[in-house]
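Each position in the sequence shown, counted from 1, maps to that position plus 17 in our numbering.
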Amino acid sequence: MEKIIGGIKRECYPLTSAEKVHIYTLKYSPTQEIVNIGTGRYLQTDVNWAALREALNRAVERCESVRLRFWEEPETGEVWQYVMPYENEYFEFYDFSAWSWENAQAVMNRWTSQPFDTYGGKLSRIVLVAMPNGYNGYYMNVHHCVMDSASVIAFSRDVMDIYCSLLYNLPYPTPMTSYIESVKKDLEYEAGNKKFKKDADYWHKMMARPEPIYTDFTGPGRLQTQRQLSGNPDQRWAVLASTAADGNTVTYDLDVESTQKLIDFCEEYGFPVSVLILHALRTVLSKFNNGERDVTIQNFVSRRSTVLTKKCGGVRMHCFPLRTIVEPTDTVLQSMEKINNEQREMFLHAEYPTLLYFGEERAVNNLPPGAGYHSIGFTYQPATINSLVPYLKGIPFKSYWYSSGKQAQPLYLTAMHRPSDGGLTFFFGYQTECATPQEIEFFYYFLGRVLFRSIENPDKTVEEIMGMV
18 MEKIIGGIKR ECYPLTSAEK VHIYTLKYSP TQEIVNIGTG RYLQTDVNWA ALREALNRAV
78 ERCESVRLRF WEEPETGEVW QYVMPYENEY FEFYDFSAWS WENAQAVMNR WTSQPFDTYG
138 GKLSRIVLVA MPNGYNGYYM NVHHCVMDSA SVIAFSRDVM DIYCSLLYNL PYPTPMTSYI
198 ESVKKDLEYE AGNKKFKKDA DYWHKMMARP EPIYTDFTGP GRLQTQRQLS GNPDQRWAVL
258 ASTAADGNTV TYDLDVESTQ KLIDFCEEYG FPVSVLILHA LRTVLSKFNN GERDVTIQNF
318 VSRRSTVLTK KCGGVRMHCF PLRTIVEPTD TVLQSMEKIN NEQREMFLHA EYPTLLYFGE
378 ERAVNNLPPG AGYHSIGFTY QPATINSLVP YLKGIPFKSY WYSSGKQAQP LYLTAMHRPS
438 DGGLTFFFGY QTECATPQEI EFFYYFLGRV LFRSIENPDK TVEEIMGMV
């Protein structure tokens, strides 16, 4: 639909359900930087800065979502999106090569905490940086409404593919796809086609099951306290949220050899790596909550299964509760089979709007604002050592995800493979009112113990694995 914005006619589109999640977050957040995603990509080699500037410009030109803008209609308050035409940009350069890593990283975190003007302003910032110890590359801060982690990774890969093509005459990468085309398909679905109705039936069936129960990553104390406050000893939900949304990030790196053991196990038994990590997550939650059989984790789905969606950029993340009931007598493989079946069904019906689902769940279970059954959100960025970017092999590489100082969720785990060596990195984002670094470290310790005791003893029961950790 055409709209006149700032005196210029623009082709505008309504927001998708994935974008609305972040607008909803902004509406109820005390600060705007809560939706910022700050990243750094650095190679320990001399960089041709002119070529990198050119590669970044070409990547921006090829990626519609980086040029996305949002506009709030004054008369109705309705929010629209449109793509700005490409304009060449001379990206700033900062030299931190003589600094310490800690001080340079502190600057990146401060940059990430600078909010964007959601309605009308540019929604990304790219800066060339020379880092300590001979590392060079770029920093990028982007509004979550225009990119999620998968599209940030795809954009970064495109930048380096273009850079190597310019410098070393390697083949030019295939074009990115159109984000607006993916928006059109989402809007067509949300208008109520057959697939929408089929997905609605599935999620309504899930909501009709007996009420879930909240399991906290610190143990049963939080639920017990809230039961005492409400005077309801049978309460099964909990409110876990921070009014200030102050947050931090803790990162743990798993070495390549250990990562490969997890991958080999999953390949041997035919499971995605995400299922193994989810098995470990729910087992730790069960152990910390008196062996609770019924565990719910908020699972994030990237919805990038087609050629269009894999390279279109933008934000396509939906999230739903992954609820599994695992008996203590179930083996590791039986636990993983249950998780795999539930996750497969979730993926089949993951187009359903996230906000619509949680609104319906609140109505079904009569939940107060902010209440739910999960304490952890989880996403996995799949990759293997064999799929690493060829030109990174042998070149030391650092990839960072910076904190804006705010977190939208009490605890959110992203498991992601490092582009340099394929090892897994676990990013724990948490609200400081809801968790401490010590609690995160304690949880990660048990997560690692369950992961490796499970792959070493796949025929042992979950109860036995809990006894080993």
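Even glycine gets a Cβ: it sits at the ideal position worked out from N, Cα and C.
Annotated three-state conformation of V301 is helix, per DSSP. In the three-state reduction of the DSSP assignment, N150 falls in the helix class. Taken in chain order, the unbroken stretches of alpha helix (DSSP H) that lie wholly in the region 277-342 and span 4 residues or more are 290-305, 324-327.
In the three-state scheme derived from DSSP, where H, G and I count as helix and E and B as strand, H434 is classed as strand. Annotated three-state conformation of Y156 is strand, per DSSP. The DSSP-derived three-state label of E119 is helix.
Here the alpha carbon of R470 sits roughly 31 angstroms from the alpha carbon of H335. Within 10 angstroms of the beta-carbon of G422 lie 16 or more other beta-carbons, which makes it buried. The C-beta distance from V267 to P454 rounds to 6 angstroms, short enough to fall under 8 angstroms.
Apart from the 5 residues on each side of it in sequence, T62 sits with its Cβ closer than 6 angstroms to the Cβ of I412 in its chain, given in chain order. Considering only I54, D134, R299, the residue with the shortest C-alpha distance to I356 is R299. Between the region 112-123 and the region 30-38 there are fewer than three inter-stretch CB-CB distances shorter than 8 angstroms, so the stretches are not counted as touching. For I25, there is no enclosing alpha helix (DSSP H); the residue is found in the beta strand (DSSP E) stretching over 25-28.
Around the beta-carbon of K304, 16 or more other beta-carbon atoms lie within 10 Å, marking it buried. A distance of 7 angstroms or more separates the beta carbons of Y41 and E89. Between the alpha carbons of T348 and V256 lies a gap of roughly 32 angstroms. Excluding the 5 residues flanking it on each side, Y107 has same chain C-beta neighbours closer than 8 angstroms at R70, in chain order. Annotation for I230: R253, D311 place their beta carbon closer than 6 angstroms to its own, counting only its chain and skipping 5 residues before and after.
Sorting Y155, A261, V332 by C-alpha distance to the C-alpha of E109 places Y155 at the top. Contact annotation: the region 322-333 touches the region 80-97, with at least three C-beta pairs closer than 8 angstroms.
In this structure Y180 is in contact with A68, their Cβ atoms being roughly 6 angstroms apart against a cut-off of 8 angstroms. Distance between G439 and K215, taken at the CA atoms: about 38 angstroms.
By a beta-carbon distance limit of 8 angstroms, D263 contacts Q448. Their separation comes to about 7 angstroms. Excluding the 5 residues flanking it on each side, K26 has same chain C-beta neighbours closer than 7 angstroms at E19, in chain order. A distance below 8 angstroms between beta-carbons, with the five flanking residues on each side excluded, links N474 to the following residues of its chain, in chain order: V349, E481, I482, M485. In the three-state DSSP reduction, Y461 falls in the helix class (H, G or I).
For D270, the uninterrupted beta strand (DSSP E) run begins and ends at 264-270, by DSSP. Taking one beta carbon from each stretch, the region 159-166 and the region 54-61 have 3 or more pairs nearer than 8 angstroms; the two touch. Put simply, of Y369, R321, I314 the residue whose alpha carbon is nearest the alpha carbon of I342 is I314. Under the three-state reduction of DSSP, I412 is assigned to coil, being neither helix nor strand. F443 is bridged by DSSP to Y269, A432. Straight across, the Cα-Cα distance linking L240 with L145 is about 47 angstroms. A check of alpha carbon separations from A367 across P227, E378, D270, F213 identifies F213 as the nearest. For N382, the enclosing alpha helix (DSSP H) starts and ends at 371-382. For T232, the closest alpha carbon among the candidates A208, N307, L271, M177 is that of N307. F414 sits close to L60, with the two beta carbons spaced by under 7 angstroms.
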